[in-house]
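Reviewing the structure listed below.
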Amino acid sequence: MRSRLSLIYIGVLTTSLILPAGCRRPEVQIYDTPKDTSERARPLAELSAPSDIADALTWSPHAGWKELPPTQFRKGNYLYNDEAGAVEITVTSFPGSTGGLLANVNRWLGQASLPAVDASQLQKMTSEMSLSSGASATIVDLKPSGETEDSTSIYAAIIPFMGQSWFFKMSGPRSTLESQIEPFRTMIEAIEFGGPAAAATSEAPGTEDASHLGDLVFSTPQGWTVSEGNSMRIASLAIIKEGFPAADFSITSFPGDTGGLVANVNRWRRQIGLADWNASQVEAAATRMTNPSGLEFTMFELKSDSENDGNADKETILVAIMEMEGRSWFFKLRGDALLLDIQMDKFKYLLQSVRFSHEGHNH
398 MRSRLSLIYI GVLTTSLILP AGCRRPEVQI YDTPKDTSER ARPLAELSAP SDIADALTWS
458 PHAGWKELPP TQFRKGNYLY NDEAGAVEIT VTSFPGSTGG LLANVNRWLG QASLPAVDAS
518 QLQKMTSEMS LSSGASATIV DLKPSGETED STSIYAAIIP FMGQSWFFKM SGPRSTLESQ
578 IEPFRTMIEA IEFGGPAAAA TSEAPGTEDA SHLGDLVFST PQGWTVSEGN SMRIASLAII
638 KEGFPAADFS ITSFPGDTGG LVANVNRWRR QIGLADWNAS QVEAAATRMT NPSGLEFTMF
698 ELKSDSENDG NADKETILVA IMEMEGRSWF FKLRGDALLL DIQMDKFKYL LQSVRFSHEG
758 HNH
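Using this note's numbering, the first residue of the sequence shown is number 398, and each one after it goes up by one.
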């Protein structure tokens, strides 16, 4: 019996978009390709079909909030009142990281007439929240140290998506704001994402002769299986081994650098309860490799290195970043630390196999 090697082909068009309407999801096809290339590859399944996308993010505000007309910058605009005062709930989005997490937090602190903080203080004000879609949000809770019921406070969620930073923010008297944290978090957890892969791989309206990288191809390591994933992903795989929770592998791609290397690494570290790194620590932890196709990756192994990291579940994240033609590609594996130690070579094997096919495309 011939041994077989699974390959995944993903059509990718590199145009920098901000989620236009009418985009299509990419076609992802899985082939069971024999090592004997004389035998023709046969398609097993098409994981996704073209679909229209109306909005980047959609959310359902709490029924008790009064909806106000949107403004030039506010995509969502709501108000909640009780005897103590009014809380304003807003939704905005801007390209890039708008200066980074620390800059945004200090801007909000200024709005609330609170003193600015440094990076070490920032960690005490932020946390990561997992959404039902599989994505994550950075939660920011800003309140005065000597707070009273009428002290102005801010509670916000930041979600990076398709090269944009989305800000969901509540501000108002502390007592009133606290009463709305639970419905606010319920709204955030249920946020639905339009297909970023579709926006990332579709032509902008009126664009002709767009640059085309070709089909992204990689070999699936033995024992890794295709999983359902979510709309933010180009591809999803799972590692299921007895005695371990399932490990999750994903490929995503976005325009630009999505906030930069330090911001991305610290976002992933917070997902598994690790403290932020400064720029020097990020650079020291980076390893770089070039695969046989000439594609360059920056790799990180993010795991607990002390008992004080707060990583109670002892999870590890292996991630590789590839930048090409104005886009960032993220190859990410998250799971039990011991399981990922065992799977490290297979993760690197997958990266070594990544290439862009040239058939039928201009380069």
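Built from N, CA and C at the ideal position, the CB exists for glycine as well.
Being a predicted model, the structure only gives us computed values, none of them experimental.
query	result
Status (buried if at least 16 other CB within 10 Å, exposed otherwise) for residue 713	buried
Reduced DSSP secondary structure (H/G/I, E/B, other) of residue 733	strand
Status (buried if at least 16 other CB within 10 Å, exposed otherwise) for residue 501	buried
Reduced DSSP category for residue 492 - H, G, I as helix; E, B as strand; rest coil	strand
Residue 572 - containing alpha helix (DSSP H), residue span	571-576
Residues sharing a beta bridge with residue 474, DSSP	487
Rounded straight-line distance, which links the Cα of residue 547 to that of residue 572	7 Å
DSSP three-state assignment for residue 652, whether helix, strand or coil	strand
Beta-carbon proximity list for residue 700, same chain, < 6 Å, skipping 5 on both sides	713, 734
Same chain, Cβ closer than 7 Å to residue 574, five either side skipped, listed in chain order	484, 550, 552, 567
For residue 635, three-class secondary structure by DSSP	strand
9 Å Cβ cutoff met for residue 688 and residue 748	yes
Beta bridge counterpart(s) of residue 672 as assigned by DSSP	DSSP lists no partner for residue 672.
Validate contact between the region 739-753 and the region 663-683 using beta carbons, cut 8 Å, 3 pairs	no
Where residue 720 falls: helix, strand or coil (DSSP)	strand
Environment of residue 762 [buried if 16+ CB atoms lie within 10 Å]	Because the chain in this structure spans residues 398 to 760, residue 762 falls outside the shown range and cannot be described.
Backbone CA spacing between residue 525 and residue 615 [nearest angstrom]	31 Å
Simplified DSSP state of residue 506, which is helix, strand or coil	helix
Between the CA atoms of residue 690 and residue 765 - distance to the nearest angstrom	Limits of the chain in this structure are 398 at one end and 760 at the other, which puts residue 765 out of reach.
8 Å contact criterion, which residue 558 and residue 585 should meet: CB distance rounded	Incorrect: roughly 13 Å between the Cβ atoms, too far for contact.
Start-to-end residues for the beta strand (DSSP E) that takes in residue 534	533-539
Spatially closest choice to residue 456 from 663, 697, 581, by CA coordinates	581
Contacts around residue 649, its chain only, beta-carbon distance under 8 Å, and the 5 residues preceding and following it disregarded	593, 594, 629, 630, 631, 726, 727, 729
From 522, 531, 627, 458, residue whose alpha carbon lies closest to that of residue 506	522
Opposing strand residues paired with residue 549 [DSSP bridges]	570
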